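Colleague:
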Amino acid sequence: MIEKIIEWSVKNKLIVLSLILMVFGASIWALKKTPLDAIPDLSPPQVIVFTNGQVNLHQ
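See below:
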């Protein structure tokens, strides 16, 4: 199986080179489109909870 792939690749050098260039170009495009956050958010998560009820301030 591998031998057939190698033989085909040697016979069709232009197609193989074109595929390699297309994959390389797509990789560069994907790297440019991927957002990169160089500084991670280290702050602790904050949650605000609203409740209804009575508060007894005189104990």
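Residue numbering for the sequence shown is 982 to 1040, as defined by the numbering used here.
Glycine included, C-beta positions come from ideal geometry on N, C-alpha and C.
All figures in this text were calculated on a predicted structure; none of them were measured in a lab.
Can you tell me whether Ile983 is helix, strand or coil according to DSSP?
Modeller: Your numbering for residue 983 matches position 2 in the sequence shown. Helix at Ile983.
Colleague: For a test of the three-state rule: what should DSSP assign to Leu1012, helix, strand or coil?
Modeller: For the purposes of this step, residue 1012 is taken as the residue at position 31 of the sequence shown. Three-state DSSP puts Leu1012 in a helix.
Colleague: Answer yes or no: do Val997 and Ser1008 have a C-beta to C-beta separation smaller than 8 Å?
Modeller: Residue mapping note: residue 997 aligns to position 16 of the sequence shown, counting from 1. Residue mapping note: residue 1008 aligns to position 27 of the sequence shown, counting from 1. No, they are not a contact pair.
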